[in-house]
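Quick note on numbering: this note's numbering labels position 251 of the sequence shown as 384, and the sequence is numbered without any gaps. All C-beta atoms in this analysis are idealised placements derived from N, C-alpha and C, irrespective of residue type, glycine included. Contents: one structure, followed by commentary.
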Amino acid sequence: MEAITQERKSTGLASKMATYCWWKAIGKIDTSKDNLIDTLDSSKVCGFLKTVSKGLKEIHTLPKALGDNPIEPFYGEDSELNRKNYPNTASYLITLLKAAFDLSPFMIQKEIERLTILPSPMSPTPNEKWFFINGICTSKDMAKENARMLYKVFGRPITPLHNPTNGMIPDVFEAIIGRDFDKYTNIARTAKNLIWDELQQLKVHTNDKNTDTNHHHKIVVIGHSQGGIILSNVIGQLILEHNKDSLLNHLEVYTFASAHDEYPSFGNQKGPPGYQLPFTEHFANDGDFVARLGVLHENYKTKGNVFEKKGTGHLLNYHYLRDFLEGKYDDTQPSRLSTLRGGKR
Numbered sequence: 134m135e136a137i138t139q140e141r142k143s144t145g146l147a148s149k150m151a152t153y154c155w156w157k158a159i160g161k162i163d164t165s166k167d168n169l170i171d172t173l174d175s176s177k178v179c180g181f182l183k184t185v186s187k188g189l190k191e192i193h194t195l196p197k198a199l200g201d202n203p204i205e206p207f208y209g210e211d212s213e214l215n216r217k218n219y220p221n222t223a224s225y226l227i228t229l230l231k232a233a234f235d236l237s238p239f240m241i242q243k244e245i246e247r248l249t250i251l252p253s254p255m256s257p258t259p260n261e262k263w264f265f266i267n268g269i270c271t272s273k274d275m276a277k278e279n280a281r282m283l284y285k286v287f288g289r290p291i292t293p294l295h296n297p298t299n300g301m302i303p304d305v306f307e308a309i310i311g312r313d314f315d316k317y318t319n320i321a322r323t324a325k326n327l328i329w330d331e332l333q334q335l336k337v338h339t340n341d342k343n344t345d346t347n348h349h350h351k352i353v354v355i356g357h358s359q360g361g362i363i364l365s366n367v368i369g370q371l372i373l374e375h376n377k378d379s380l381l382n383h384l385e386v387y388t389f390a391s392a393h394d395e396y397p398s399f400g401n402q403k404g405p406p407g408y409q410l411p412f413t414e415h416f417a418n419d420g421d422f423v424a425r426l427g428v429l430h431e432n433y434k435t436k437g438n439v440f441e442k443k444g445t446g447h448l449l450n451y452h453y454l455r456d457f458l459e460g461k462y463d464d465t466q467p468s469r470l471s472t473l474r475g476g477k478r
């Protein structure tokens with residue numbers, strides 16, 4: 134803590150608490166993982182945790198998760214860790230404390246929650262609906278802050294589909310269950326139902342003779358970190374249930390720093406022969422610890438184009454969307470998502 138404050142002095146209690154909480158969160162993971170490895174019998178879980186343990190020792194989680202300067206996101210423009218981007222100090226501190234402490238140990242939330250659309254002006258692209266699924270340890274206010282930044286980048290109203298946080302350790306276990314156990318979790322199930330309902334509504338809308346037919350009607354879903362695991366399970370289940378349905382041609386999926394080990398994931402089933410994948414693109418920083426354990430891992434199976442750039446940091450706003458807005462993922466070839474910046478279509 135002393136070394137941190139010497140690098141840049143805090144301007145207030147909230148900033149000091151922020152720094153403290155993030156260090157506590159990393160400590161909580163580090164002290165818990167060894168006990169988990171010793172006590173759990175599942176080879177899959179142990180293998181995953183050992184991979185995490187090895188990664189922690191090799192690339193030092195905190196600098197890689199928060200970038201080369203781990204203090205900078207607490208002051209940076211458009212950062213989800215910057216106090217000024219929250220409605221009040223209480224909201225900000227609760228958001229940060231969730232990473233270090235289990236604030237509701239007796240209440241486990243297991244459903245995706247559709248939050249108020251942000252912002253709520255007239256959409257320049259009424260033929261489209263955009264949604265966002267967050268990763269672990271993300272409060273509702275942080276999810277809304279991510280949605281605000283997505284609106285800034287793409288010029289479209291964004292509806293957060295909040296993947297609830299139950300604290301660091303329960304969230305990590307939920308990610309393991311969805312990813313390494315190949316379990317179709319209730320979080321993924323409720324997300325799938327919501328997305329399919331939106332596709333059904335799109336079908337009704339496109340059958341209306343007054344509907345604009347000059348532009349493609351579509352549902353766009355963006356996932357970050359654990360949100361990529363959820364979407365991997367969602368897309369796999371949609372393919373299993375509706376493989377021949379043309380509505381899947383109206384679905385587009387984009388992930389940032391996805392933690393999935395395969396995309397799409399069919400759980401313990403096999404994908405239908407010759408199935409058609411909804412259009413998908415993935416974006417990752419090559420020094421992002423989570424992305425290296427997920428979408429960038431050489432032994433994992435990922436369908437959809439992967440756009441990678443040099444850099445560290447795992448935060449959606451500060452380490453991904455700011456660079457995406459500047460076209461830093463388009464060095465080799467432009468992504469489809471890059472053509473949608475600023476309300477373009």
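Inside the stretch 329-375 only - alpha helix (DSSP H) runs reaching at least 4 residues: 359-375
Beta-carbon proximity of Gly200 to Thr435, cut-off 8 angstroms: no
Beta-carbon spacing of Tyr453, Ala390 below 8 angstroms: yes
Classification of Lys351 by the beta-carbon crowding that lies within 10 angstroms, buried from 16 upward: buried
Other residues of its chain near Leu458: CB distance less than 6 angstroms, five sequence neighbours each side excluded: Val286
Pro206 (DSSP reduced to helix, strand or coil): helix
Cβ neighbour criterion (16 or more within 10 Å) applied to Glu95: Absent from the structure is residue 95, since the part of the chain shown begins at 134 and ends at 478.
As assigned by DSSP and simplified to three states, the class of Leu408: The question names Leu, but residue 408 is Tyr in the sequence shown. DSSP places Tyr408 in coil when its eight states are reduced to three.
Pro406 classed as buried or exposed, judged by whether at least 16 other C-beta atoms fall within 10 angstroms: exposed
Cβ neighbour criterion (16 or more within 10 Å) applied to Pro220: exposed
Extent of the continuous alpha helix (DSSP H) run through Leu426: 422-426
Nearest residue (CA-CA) to Glu210, options Ala276, Arg455, Asp463: Arg455
Ser365 vs Glu395 beta-carbon contact at 8 angstroms: yes
Straight-line Cα distance separating Arg247 from Pro411: 22 angstroms
Exposure label - Met255; buried when at least 16 CB within 10 Å: exposed
Residue nearest to Ala223 in terms of C-alpha spacing, selected from Asn260, Asn326, Met275: Met275
For Thr249 and Thr258, the rounded distance between their alpha carbons: 18 angstroms
Expected contact under 8 angstroms - CB spacing of Glu261 and Asn218 to nearest Å: In fact, because the Cβ distance is near 25 angstroms, the residues do not count as touching under 8 angstroms.
Neighbourhood of Asp419 by C-beta distance below 6 angstroms, restricted to the same chain and skipping five residues each side: Glu441, Lys443
Residues near Ser398 in its chain [Cβ-Cβ closer than 7 angstroms; skip 5 each side]: Asp315, Ser365, Asn366, Gly369
Phe287: first and last residue of the uninterrupted alpha helix (DSSP H) it sits in: 273-287
Whether Asn296 touches Ile328 by CB criterion (8 angstroms): no
Identity of the residue in Arg289, Ala417, Leu371, Tyr387 nearest Gly356 by Cα: Tyr387
Alpha carbon of Leu384 to alpha carbon of Asn215, nearest angstrom: 33 angstroms
Spatial neighbours of Asn438 in its chain, beta-carbon cut-off 6 angstroms, leaving aside the 5 residues before and after: Glu414
Beta-carbon gap between Ile362 and Tyr408 smaller than 8 angstroms: no
Under the three-state DSSP convention, the category Thr114 falls into: Here the chain comprises residues numbered 134 to 478, so residue 114 is not present and cannot be evaluated.
Backbone CA spacing between Pro290 and His338 [nearest angstrom]: 18 angstroms
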